[in-house]
Amino acid sequence: MPVNPRSLALLVALLALILFNVAITPNFLEWQTLSVNVSQVSTIAIVAIGMTLVIATGGIDLSVGAVMALAGALAPLIFLSEFGQQAPLAMTLVAIVVALAVAVACGLFNGVLVSRFGVQPIIATLVLFISGRGLAQVLTNGNLQTFDNPAFEFLGAGRLLGLPFQGWLV
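Residue numbers (the working numbering): 5 to 174.
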């Protein structure tokens with residue numbers, strides 16, 4: 005199988021960047037640095053995987069951040085509800101399912117606009133970009149929503165086998 009020169013160039017550039025960081029950054033090879041990098045990069049990696057599929061098929065999606073904001077705005081509403089405070093562990097599962105269902109519905113909305121109605125992807129996703137952010141603002145009253153749910157907190161701050169749980173999701 006022949007090697008693609010572009011892929012090889014990217015691999016060499018990545019290797020050079022890693023070697024540069026090893027030489028310049030004193031604690032680059034420490035376990036704590038790996039842990040912090042996994043924690044900070046995992047969300048971006050999940051989004052990047054999805055965006056890769058969109059771009060590979062010739063599309064563009066401007067609404068990714070808005071969909072994340074909208075899905076993220078729903079969890080506090082669920083946890084701060086009467087049911088959320090009575091059964092926090094069960095509501096963790098409900099919050100995840102609801103957030104994923106809303107994100108899927110947003111993607112379906114964009115897909116229908118593009119495939120059925122012939123709207124250009126940049127326009128279709130721009131609609132959701134604006135409306136999704138606006139809806140998230142309305143749901144949260146424009147404020148940061150705080151809540152206490154250890155099971156949900158584990159998804160963002162917990163560790164499994166020494167690595168941040170977020171990294172296992174990627």
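Glycine residues also receive a C-beta, built at the ideal position from the N, C-alpha and C atoms.
Return the chain-ordered ranges of every alpha helix (DSSP H) run that is complete within the segment 84 to 123 and spans a minimum of 4 residues. 86 to 90 and 92 to 119
Any contact of the segment 132 to 151 with the segment 63 to 74, i.e. 3+ C-beta pairs under 8 Å? yes
Is it a yes or a no for the segment 141 to 156 touching the segment 91 to 98, going by three-plus beta-carbon pairs under 8 Å? yes
Quick one: residues in its chain with C-beta nearer than 7 Å to the C-beta of F87, no 5 flanking neighbours on either side, listed in chain order? M95
Cross-strand partners of L130 (DSSP beta bridge): In DSSP, L130 forms no bridge with anything.
DSSP on L164, reduced to helix/strand/coil? strand
Just the C-alpha distance for F83 and L14, rounded to the nearest angstrom, thanks. 44 Å
Got a sec, what are the start and stop residues for the alpha helix (DSSP H) L12 sits in? P9 to I28
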